[in-house]
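Asker: For what it's worth, UniProt numbering labels the leading residue of the sequence shown as 1, then goes sequentially.
Glycine included, every Cβ here is placed at the ideal spot set by N, Cα and C.
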Amino acid sequence: EQPVPGADEMNLYSLSFDDFSLNENEMLLAAVSMFLDLGLVKRFNIEKDTLYRFLITVKRNYRDVPYHNWRHAFNVAQVMFAILMSCEMKGTFSDLEVLGMFVGCLCHDLD
Numbered sequence: 001e002q003p004v005p006g007a008d009e010m011n012l013y014s015l016s017f018d019d020f021s022l023n024e025n026e027m028l029l030a031a032v033s034m035f036l037d038l039g040l041v042k043r044f045n046i047e048k049d050t051l052y053r054f055l056i057t058v059k060r061n062y063r064d065v066p067y068h069n070w071r072h073a074f075n076v077a078q079v080m081f082a083i084l085m086s087c088e089m090k091g092t093f094s095d096l097e098v099l100g101m102f103v104g105c106l107c108h109d110l111d
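(1) Among Phe-81, Met-89, Arg-63 and Glu-9, which has the Cα closest to the Cα of Cys-105?
(2) To the nearest angstrom, report how far apart Asp-18 and Ala-73 are at their CA atoms.
(3) From Leu-38 to Tyr-67, what does the alpha carbon distance come to, in whole angstroms?
(4) Whose C-beta lies closer than 7 Å to the C-beta of Val-76 among residues of the same chain, with five residues either side of it excluded?
(5) In terms of alpha-carbon separation, which member of Val-79, Phe-102 and Leu-29 lies closest to Pro-3?
(6) So what does DSSP say about Asn-25, is it helix, strand or coil?
(7) For Asn-11, which residues in the same chain have their Cβ closer than 6 Å to its Cβ, ignoring the five residues on either side in sequence?
(8) Would Glu-26 pass as a contact of Trp-70 if the rule is Cβ separation under 8 Å?
(9) DSSP on Ile-46, reduced to helix/strand/coil?
(10) If we ignore side chains and look at the alpha-carbon of each, how far apart do Asp-49 and Ser-33 end up?
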């Protein structure tokens with residue numbers, strides 16, 4: 001199992017994050033990192049294997065198209081993560097609302 005780098009170390013808290021700095025597998029690890037930093041894994045008792053399988057399934061079900069693809073979904077989720085973790089937004093939403101928004105960002109263009 002590959003270690004999951006911290007969201008801070010990957011610069012995921014930044015609204016100027018460059019998603020093209022990551023390959024598709026690194027984006028999966030970054031998504032796991034964001035789930036962890038949002039506290040969703042702990043709060044909802046999400047098994048790591050279940051989270052990995054979910055993210056891989058989401059990635060695989062995006063079509064290979066120029067824009068509405070896995071990279072776009074990851075980018076939308078990363079921006080939502082940065083907004084949710086900002087001082088102004090932290091604590092504004094319930095854990096369930098954060099889970100819904102974050103999963104919605106990852107899945108919003110799936111058929």
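Answerer: Let's see:
(1) Taking only the C-alpha atoms, the option nearest Cys-105 is Phe-81.
(2) About 14 Å.
(3) The straight-line gap from Cα to Cα measures roughly 26 Å.
(4) Cβ neighbours of Val-76 beyond the five flanking positions: Cys-105 and His-108.
(5) Nearest of Val-79, Phe-102 and Leu-29 to Pro-3, Cα basis: Leu-29.
(6) Secondary structure at Asn-25: helix, using DSSP grouped into helix, strand and coil.
(7) Contacts found: Phe-17.
(8) Trp-70 sits away from Glu-26, with the two beta carbons spaced by 8 Å or more.
(9) Under the three-state reduction of DSSP output, Ile-46 falls in the coil class, being neither helix nor strand.
(10) Distance between the alpha carbons of Asp-49 and Ser-33 is about 14 Å.
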